[in-house]
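Enquirer:
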Amino acid sequence: MSAWMQKQQARSTRAAAVASAVAEDAAELASEQRISMYTEAPSGEVCIEDFERYAIDRLRVLKGIEEAKTKGFKGDQLQELVVKLAEKHLRGATQQETRWKDAVSHFVLRLAYCKTEDLRRWFLQHECELFKSRFRNELPASQVDFMRRHSFDYEALAGEEYQVLKPDLVKVQESVGNSAFANEIKQATSRDAFFKVPFEQVPDLVATRRVLLKAGWAYVSRHEVASLVVSRFRAGLSHALVLTARRWATIIADEEADRLTPLISTLSERYLGPDYGDERKGPSEAVMAAQIPYLAKESFPLCMQSMYHRLHTDAHLKHNGRLQLGLFLKGIGLPLEEAMKFWRAEFGPKCMGEAFDKKYAYGVRYNYAKEGKRTDYTPYSCMKIIQTPVPRGEAFGCPYKTASPQELTEQLRAMRLPPRVVEEAVSKARGHHYQLACTAVFQGQHNCICESGISHPNQYYDESRKELTAAQGATATVTLGGAEHKTPVVKSSASAQALTAGPTPMTT
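For my numbering, count along the sequence shown from 1 and bump the result up by 59.
#1: Tell me the rounded alpha-carbon separation between Leu605 and Asp109.
#2: Restricting to runs no shorter than 4 residues, where is the alpha helix (DSSP H) found entirely within the region 191 to 279?
#3: Can you grab the Cα-Cα spacing for the pair Leu495 / Ala428, in whole Å?
#4: For the alpha helix (DSSP H) containing Phe501, name the first residue and the last one.
#5: Are Leu287 and Val279 touching if we call contact CB-CB under 7 Å?
#6: When the Cα of Phe258 is compared with those of Gln246, Glu344, Glu243, Ala274, which residue comes out closest?
#7: For the region 125 to 134 against the region 494 to 512, are there 3 or more C-beta pairs whose distance is under 8 Å?
#8: Would you call Met363 buried or exposed, if buried means 16 or more other Cβ atoms sit within 10 Å of its Cβ?
#9: Going by beta-carbon coordinates alone, are Ala462 and Gly380 separated by less than 7 Å?
#10: Which first and last residues belong to the alpha helix (DSSP H) in which Thr303 is found?
#11: Out of Ser95, Leu467, Arg306, state which residue places its alpha-carbon closest to the alpha-carbon of Ala2.
#12: On the three-pair Cβ rule with 8 Å, is the region 302 to 316 touching the region 201 to 213?
#13: Check Gly134 in the structure and name its three-state DSSP category.
#14: For Cys457, count neighbouring C-beta atoms within 10 Å of its own C-beta (all shown protein chains included) and say buried if the count is 16 or more, exposed if not.
#15: Between Leu296, Lys487, Leu168, which lies nearest to Glu328 when the distance is taken from Cα to Cα?
#16: Can you find at least 3 beta carbon pairs, one from the region 120 to 127 and one from the region 139 to 148, that sit closer than 8 Å?
#17: Throw me the rounded Cβ distance for the Val284 and Val270 pair, which I believe falls under 8 Å.
#18: From this set, Arg293, Leu137, Lys255, Gly295, which residue's C-alpha is nearest Trp276's C-alpha?
#19: Does the contact criterion of 3 or more C-beta pairs under 8 Å hold for the region 487 to 506 versus the region 394 to 411?
#20: Quick check: the Cα distance between Tyr335 and Arg179, rounded to an integer number of angstroms?
#21: Locate the alpha helix (DSSP H) running through Gln350, then write down its first and last residues.
#22: Under 7 Å between the Cβ atoms of Leu370 and Leu361?
#23: Going by beta-carbon coordinates alone, are Leu326 and Ala114 separated by less than 7 Å?
#24: Taking the CB atoms as reference points, tell me whether Ser358 and Ser102 lie closer together than 7 Å.
#25: Between Ala304 and Cys173, how many whole angstroms is the CB-CB distance? I'm expecting something under 8 Å.
#26: Could you give the DSSP three-state label for Thr309: helix, strand or coil?
#27: Assign Glu543 to one of two classes, buried (16 or more other C-beta atoms within 10 Å of its C-beta) or exposed (fewer than that).
#28: Going straight from the alpha carbon of His298 to that of Gln470, what length do you get?
#29: List, from N- to C-terminal side, the alpha helix (DSSP H) runs of 4 residues or more that fit wholly inside the region 414 to 477.
#30: Just verifying my parser: in three-state terms, what is the DSSP assignment at Asp373?
#31: If you draw a straight line from the alpha carbon of Cys187 to that of Lys245, how long is it in whole angstroms?
#32: With a 10 Å radius around its C-beta and 16 neighbouring C-beta atoms as the bar for buried, classify Ser164 as buried or exposed.
#33: Hey, out of Phe205, Phe190, Gln154, Asp161, whose CA is closest to His148's CA?
#34: Identify the continuous alpha helix (DSSP H) that holds Gly380 and give its terminal residues.
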């Protein structure tokens, strides 16, 4: 070969190497834009407005995931929705801005959700779902490249071992419905088709029999490799949240007391839905004090029923309970004048006249922005109620979280719910799925499907009134004396009494 030809070949080889490196860097950049292990916090400056806005946008994604799972979304349906949510809320004007927003929002919410075990559990669950959906949305080649760049020490199954195991691998894929992939394995040696990993690293795949197990190893197909990556992501994020909690408590909270701490402390309680302020209610929707006893029975969620029962039984309710119940009543349309009547009547056996005015009237007016800072306070959301610490003996808070399984069972039975609904709600509460438990109770109480899930006590009330009103408006045709008549149909005799009898006298 001439020197000239050798030189030309060397140039071609170098050009191919450069092109390959550029393509690899581009693929890495594109992949990193969409998915990250978040092993290092971003460095740079961000204004306080973007700091909060990025966090709220990511919170919308995580809340959307929670709502979708409440509705029963699974598999490809859930993945498609999560990818759309991320595209809608986390996308920037450029690739660089998208990566920056994604990283900043993740680490801001780490600060907000690291403080308690319940917050860490919630954040970890939904961040893992976001990561898994994004990873699964990548092409198989990008997934393998991502694993290589992040030092996943798993070799692709190949050679003689692959040929020996191929029949069993095909059977597993056919058993889980991946016939196309099974045919691909039969016809040719598929590159990076399976990974050999210790079985304890993919417990979800083992439990659902989606992998071949042999001699302590699990053979994971490239279509299921997300479970392997998510396990690493979950372990890393869980450890990082614990370290962040320590650092926040010892250093950051004090250093940022005047700037970031107030913002971070409220992010985990941020409710992104309707605020259910009393201005939403028109004059025709106003609630009278005398109506509250039957409204509590028909349409209050368990948390408000529990406080109302304690108030009515003891003729007293401590400050946090009065605040939580009072704002809820304001949200359902109880005007200030009627609120005064209600609290006076309930406190009457123990505190009447001037004594009530001195001790409690100020607090009622305060809720309605007539005293103090004159802030128009809105009712507490489920998240805020769940996260508020409840001292022993207090009546406020979320009973699905604070009550023992036996106490919760007794309270739900008192609502005359079907046994299966009681069992389902108690089971979900034991699993720390408090809002799902409340949703199950709503559906059992009203014999309907609540597609949106319950995320606010006032939402529970509003949806309940809609269901009962719809039941009242339904009609059935009956024959009386040879003539057909239409008569209202309601779902229960108690509903009929509540909806047709009008206000009932309040007892104290």
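Using N, Cα and C, we set each Cβ at its ideal position, and we do this for glycine too. Model, not experiment: these values are computed from the prediction.
Expert: In brief:
#1: Lying outside 60 to 567, the shown extent of the chain, residue 605 is not represented and no answer is given.
#2: With a minimum length of 4 residues, the continuous alpha helix (DSSP H) runs that stay inside the region 191 to 279 are 199 to 208, 218 to 234, 238 to 246, 262 to 266.
#3: Put simply, the backbone Cα of Leu495 is about 33 Å away from that of Ala428.
#4: Here the alpha helix (DSSP H) through Phe501 covers 493 to 505.
#5: The Cβ atoms of Leu287 and Val279 lie closer than 7 Å to each other.
#6: Per the Cα distances, Ala274.
#7: A contact between stretches requires three or more CB pairs, one per stretch, nearer than 8 Å, and the region 125 to 134 meets this requirement with the region 494 to 512.
#8: Buried, since its Cβ has 16 or more Cβ neighbours within 10 Å.
#9: In this structure, Gly380 does not lie closer than 7 Å to Ala462 by Cβ.
#10: 284 to 306 is the span of the alpha helix (DSSP H), which, as asked, contains Thr303.
#11: It is not possible to answer for residue 2, since the shown part of the chain is limited to 60 through 567.
#12: The region 302 to 316, when compared against the region 201 to 213, does not touch it at the 8 Å Cβ threshold.
#13: Three-state DSSP puts Gly134 in a helix.
#14: Cys457 sits buried, since 16 or more C-beta atoms from the chains shown fall within 10 Å of its C-beta.
#15: Glu328 has its Cα closest to that of Leu168, out of Leu296, Lys487, Leu168.
#16: Remark: three or more beta-carbon pairs, one from each stretch, lie closer than 8 Å, so the region 120 to 127 and the region 139 to 148 are flagged as touching.
#17: Actually they are not in contact, since the Cβ atoms of Val284 and Val270 sit about 11 Å apart, beyond 8 Å.
#18: Ranking the options by Cα distance to Trp276, first place goes to Lys255.
#19: Touching, no, given that fewer than three Cβ pairs across the two stretches are closer than 8 Å.
#20: Cα-Cα distance, rounded: 28 Å.
#21: Following the DSSP letters along the chain, one finds Gln350 in no alpha helix (DSSP H), marked with neither H nor E.
#22: No, these two residues do not count as a Cβ contact at 7 Å.
#23: Between Leu326 and Ala114, the C-beta gap is smaller than 7 Å, which places the two residues in contact.
#24: Not a contact, by the Cβ cut-off of 7 Å.
#25: The Cβ separation is near 4 Å, so the contact holds.
#26: In the structure shown, Thr309 sits in a helix (DSSP, three-state: H, G or I).
#27: Note that Glu543 has pLDDT 45, beneath the 50 cutoff, so the model's placement of it is unreliable and the number below is only indicative. By the 16-neighbour rule on beta-carbons within 10 angstroms, Glu543 is exposed.
#28: His298 and Gln470: Cα-Cα distance of roughly 38 Å.
#29: For the region 414 to 477, whole alpha helix (DSSP H) runs of length 4 or above, ordered along the chain, are 421 to 426, 441 to 446, 458 to 461, 464 to 473.
#30: Helix.
#31: Answer to the nearest angstrom: the Cα atoms are 34 Å apart.
#32: Residue environment for Ser164: buried (at least 16 other C-beta atoms within 10 angstroms of its C-beta).
#33: Nearest C-alpha to His148: Asp161.
#34: Gly380 -> alpha helix (DSSP H) spans 378 to 390.
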